[in-house]
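Numbering (this note's numbering), first residue to last: 106 to 464. Here a beta-carbon is modelled for each residue, glycine too, at the ideal position from N, C-alpha and C. A short worksheet on the structure shown next.
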């Protein structure tokens, strides 16, 4: 009910905003003495309708895939309205002609944006969703490149900016497709998304803004470019070395002092510790509680350390930055399954020893 109330609030706010906007555009000449927003009533209604559909289509899982397309069409119409309104000022007179000449490219760019944001509400989404989003990102990159490279500015700079934008989205697409696999290379791509994108932005800024200014100083140019290569190789070598490192069995410091406790109280602590680990990934309470139980059962510290070392060394896969909601859900579900496997193995070993800690 709270969620529905929130959506209803969005609808009311959207309707109120467009009501004010309609009133302003109808009487803007009287209010300001000139036309600031050039928009026809039917276009205003169309934008409102698509934004309203964007909210409504999010209410049901089977209309959810259509939701991004409603937003994309609304953004496409808004872009044209803004471009036309800006062009009324002589300083920016070329804005609308450019948008008009690139009309199809802008439309296809926003369609790619919609495809990239589609969320498939079926069980097979684990395998289909990354491919769909990657396809949308590549479409965005291609048509974004065509738009940016045709900007009425310095052709050399616009080509580089457009190419950088294309590579940026190709990296996003590749790291999205990496969710199809659990191999080491796929995990590296997912975890390195923020680094790859940041490195690309740094390289583009260097080649567009810095390199042309120092081109005559060849020594400095070579130094800067080797620095870029060094940053990338250092990141790659560090990650590669970590992937080859063998996890050592970690020792666990446990208190030898046996304190009296109520059995029911310890069971409650154990259940809470299990819940925190399985649902939130917090392992410290579970490590402490199992250690306490086994110490009181007469286990040695080395024996306890050998048992719970997989739990101590376990780490959730980190959710990368610039992530999609579906991608976050996939990684969180995968982490929950991995936690459950770790705990099940420990409980199985303890069961063989005659110690039961399962729920």
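Within the region 367 to 411, no run of beta strand (DSSP E) reaches 3 residues while sitting entirely inside it. Where residue 310 is concerned, the enclosing alpha helix (DSSP H) starts and stops at 298 to 310. By the neighbour-count definition (other C-beta atoms within 10 Å, threshold 16), residue 445 is an exposed residue. The residue among 438, 145, 341 and 448 with its C-alpha nearest the C-alpha of residue 289 is 341. In this chain, the alpha helix (DSSP H) harbouring residue 173 covers 172 to 192.
Counted as a single uninterrupted DSSP element, the alpha helix (DSSP H) harbouring residue 263 occupies residues 260 to 282.
Spanning the alpha carbons of residue 334 and residue 151 requires a straight line of approximately 50 Å.
Distances from the alpha-carbon of residue 286 to those of 137, 233, 272 and 303 put 233 closest. Here residue 234 carries a helix assignment [DSSP, helix/strand/coil]. Under the three-state reduction of DSSP output, residue 216 falls in the helix class. Between residue 443 and residue 371, the alpha-carbon positions lie close to 25 Å from each other. According to the DSSP assignment, residue 314 belongs to no alpha helix (DSSP H), since it is labelled neither H nor E. In the DSSP assignment, residue 432 falls within the unbroken alpha helix (DSSP H) covering 430 to 457. Contact annotation, residue 278 with residue 242: C-beta distance approximately 4 Å; criterion of less than 8 Å satisfied. By the Cβ neighbour-count rule, residue 248 is buried, with 16 or more other Cβ atoms within 10 Å of its own. Between residue 338 and residue 304, the alpha-carbon positions lie close to 12 Å from each other. Taken through DSSP and simplified to helix, strand or coil, residue 419 comes out as coil. Contact annotation: residue 155 and residue 175 have beta-carbon atoms nearer than 8 Å. With a 10 Å radius around the Cβ and a threshold of 16 neighbouring Cβ atoms, residue 110 comes out exposed. For residue 138, the secondary structure class from DSSP, reduced to helix, strand or coil, is coil.
Collapsing the DSSP output to three states places residue 223 in coil. A distance below 6 Å between beta-carbons, with the five flanking residues on each side excluded, links residue 200 to the following residues of its chain, in chain order: 188, 191 and 192. Residue 185 and residue 332 have their alpha carbons spaced roughly 43 Å apart. In this structure, DSSP gives residue 123 a helical state, which the three-state scheme calls helix. Shortest Cα-Cα distance from residue 280 to any of 122, 436, 117 and 114 involves 436. Residue burial annotation: residue 121 is exposed, with fewer than 16 other C-beta atoms found within 10 angstroms of its C-beta.
Exclusion of the five residues before and after residue 266 leaves 253 as the residues of its chain whose Cβ lies within less than 6 Å of its Cβ. Residue 167 is classed as exposed because its beta carbon has fewer than 16 other beta carbons within 10 Å across all chains shown. Secondary structure of residue 113 (DSSP, three-state): helix. Looking from the CA of residue 262, the closest CA among 210, 315 and 379 belongs to 315. Closest in alpha carbon position to residue 454, among 428, 441 and 411, is 411. Residue 295 sits in a helix when the DSSP states are folded into three classes.
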